[in-house]
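**Student:**
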Amino acid sequence: TIQKNGYTNADVVIMDRTAANALVQSKQMKELLDVRNYELARIAPRQLPTGATWIGSYGKLGLDFYQYNDWYVDNWTDPENPTTKQLVPAGTIAMLSTEAKFSRLYGSVTYIPYGQDSFVTEEADRVAHAWVAHNPDRKFLGLSSRPLTVPHEVDSWLVAKVL
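Note that our numbering has the sequence shown beginning at 103, numbered continuously upward.
(1) What do you reckon, are the CB atoms on residue 210 and residue 200 nearer than 8 Å?
(2) Rounded to whole angstroms, what's the CA-CA distance from residue 267 to residue 170? Just pull it up for me.
(3) Sort 120, 203, 198 and 114 by Cα distance to residue 254 and report the nearest one.
(4) For residue 168 and residue 196, what's the separation of their Cα atoms in angstroms?
(5) Hey, does residue 256 have any beta-carbon neighbour from chain C nearer than 8 Å?
(6) Between the C-alpha atoms of residue 133 and residue 155, what's the straight-line distance to the nearest angstrom?
(7) Taking the beta carbon of residue 121 as the centre, do at least 16 other beta carbons fall within 10 Å, making it buried, or is it exposed?
(8) Between residue 233 and residue 242, what straight-line distance do the alpha-carbon atoms span, to the nearest angstrom?
(9) Between the Cα of residue 173 and those of 113, 215, 119 and 181, spot the shortest distance and give me the residue it belongs to.
(10) Helix, strand or coil for residue 120 per DSSP?
(11) Short of 6 Å in beta carbon distance, which residues of its chain neighbour residue 246, apart from the five on each side in sequence? Order them along the chain.
(12) What does DSSP give as the partner residues of residue 176 in its beta bridges?
(13) Span of the beta strand (DSSP E) holding residue 231?
(14) Is residue 211 helix, strand or coil when you go by DSSP?
(15) Rounded to a whole number of angstroms, what is the C-alpha to C-alpha distance between residue 257 and residue 198?
(16) At what residues does the beta strand (DSSP E) containing residue 249 begin and finish?
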């Protein structure tokens, strides 16, 4: 069960498909939804343009539930054997507050500029660069960024393995 307490002021819960299905099928949620003419909670999934799915809300605690299924290629843990991983790991939820203050900081980007031989490091939120490859000849354009989200209130979020 999810309870609001002194630890977090979350009003958003993000989870993977496994956790979302467990929430919707849970005995507690079914009992909560089995109330006539009074909307304590609402389950009405709909796709959002960001790739997330809004699952529903639990009005008593002011929580909105979202499912996010996206993947990335982890090619830095073991460069010889890249693996595809879920952005939100299976059975995991993140409880976040929409009122918490977060800063987005950026790390520097190091690259070799087009037509040069030495590395350059730039400090910016986005760095555009280009490079050439041969056989067949082609030119690539890239955009690099090294964002880091920094919470100012450490008790405003929680990540938990629930299944």
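In this text, a Cβ means the ideal position worked out from N, Cα and C, and glycines have one as well.
**Tutor:** In short, the structure shows the following:
(1) no
(2) The question about residue 267 has no answer, for the chain in this structure spans 103 to 265.
(3) 203
(4) 10 Å
(5) No chain C appears in this structure, which consists of one protein chain only.
(6) 23 Å
(7) buried
(8) 5 Å
(9) 119
(10) helix
(11) 211 and 229
(12) 185
(13) 229-235
(14) strand
(15) 9 Å
(16) 249-253
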